[in-house]
Amino acid sequence: MGKTFSRPEALSDAHTHYCPGCTHGIAHRLVAEVIDELGIRGRTVGIAPVGCAVLAYNYFSCDFQEAAHGRAPAMATGMKRVRPDLMVFTYQGDGDLASIGMGEIVHAANRGEKFTTIFINNAIYGMTGGQMAPTTMPGQRATTAPTGRNVEETGMPIRMCELLSSLATPGYIARQALLKPQYINKAKKAIKQAFEYQMAHKCFSFVELVSTCPTNWGMTPLNALKWAEDTLIPYYPLGEFKKPE
């Protein structure tokens, strides 16, 4: 019997530290599959964030660097400008990118830096214990918002795709989800498109992935998937927000 499913070469044979039901593993696999399919593993460099994916370098077999909290876009900018032949991607969560790293990602996109960002949006700080993130939903509970996010005090959740797509600089900006097979297939296509634009030295590219955090949401993995589809996707609609053409 032939093998129909196997581990991508760009993905290390390692047990992950992620919680049961976390969708970081799906995102890792999609990125690794795209790297393999494009044949770019030998010249790809990933940049890990501070957050749940801080150990991402353990799970990929391509080169990796670790950035200070929120500073992955700055590191990617330096790498890509010095070595434009490299394929450079940052892998960041919503706390790392949309909070402390907001200035970094906005200005990198506005400059049109030719790297790719994979942005995991699970609406909460994961690694540090479930604090409210810039993407936390109104009324959603967090350790720093035990009665739920009060938008009169903290503002509305930030939509990163909509924000970045408002910039005049050309770019590829897309949002997909990791909640169901049909969403996952579209997520992979978006990641591949983002890397292809980088291969062509065409534009900055950004793929947001709506994800789950069962542990910090206080839900079972199945309930987390349903909550994300019912609550997050209506506020964070899926699709392509900007293309360079």
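Counting in this note's numbering, the sequence shown runs without a single skipped number right up to 245 at its last residue. The beta-carbon is built from N, C-alpha and C at its ideal position, and this holds for glycine as well.
Residue i to residue j span [Cα, whole Å]
| i | j | result |
| --- | --- | --- |
| residue 52 | residue 244 | 31 Å |
| residue 146 | residue 139 | 9 Å |
| residue 112 | residue 119 | 17 Å |
| residue 197 | residue 204 | 8 Å |
| residue 8 | residue 14 | 12 Å |
| residue 238 | residue 149 | 23 Å |
Beta-carbon proximity check, residue i vs residue j, cutoff 8 Å
| i | j | result |
| --- | --- | --- |
| residue 164 | residue 109 | yes |
| residue 26 | residue 184 | yes |
| residue 115 | residue 89 | yes |
| residue 208 | residue 121 | yes |
Host alpha helix (DSSP H) of residue i (start-end)
| i | result |
| --- | --- |
| residue 64 | Taken as a continuous stretch (DSSP letters only), residue 64 belongs to no alpha helix (DSSP H), being part of the beta strand (DSSP E) at 63-66. |
| residue 154 | 151-154 |
| residue 103 | 102-111 |
Residues near residue i in its chain [Cβ-Cβ closer than 7 Å; skip 5 each side]
| i | result |
| --- | --- |
| residue 143 | 129, 130, 131 |
Own chain residues within Cβ distance below 8 Å of residue i, not counting five before or after
| i | result |
| --- | --- |
| residue 218 | 141 |
| residue 96 | 49, 50, 51, 69, 70, 72 |
| residue 57 | 46, 48, 64, 65, 66 |
Residue i: first and last residue of the uninterrupted beta strand (DSSP E) it sits in
| i | result |
| --- | --- |
| residue 121 | 116-121 |
| residue 209 | 204-210 |
| residue 240 | 239-242 |
Same chain only: Cβ atoms within 6 Å of residue i, ignoring 5 sequence neighbours per side
| i | result |
| --- | --- |
| residue 99 | 134 |
| residue 240 | 174 |
| residue 125 | 95, 131, 133 |
| residue 179 | 225, 228, 229 |
| residue 214 | 21, 221, 224 |
| residue 36 | 8, 9, 10 |
| residue 44 | 35, 62, 87 |
| residue 127 | 51, 52 |
Residue i in three-state terms, based on DSSP
| i | result |
| --- | --- |
| residue 192 | helix |
| residue 91 | strand |
| residue 134 | coil |
Chain D within 8 Å of residue i, Cβ atoms only
| i | result |
| --- | --- |
| residue 211 | The displayed structure is made up of one protein chain only, and chain D is not part of it. |
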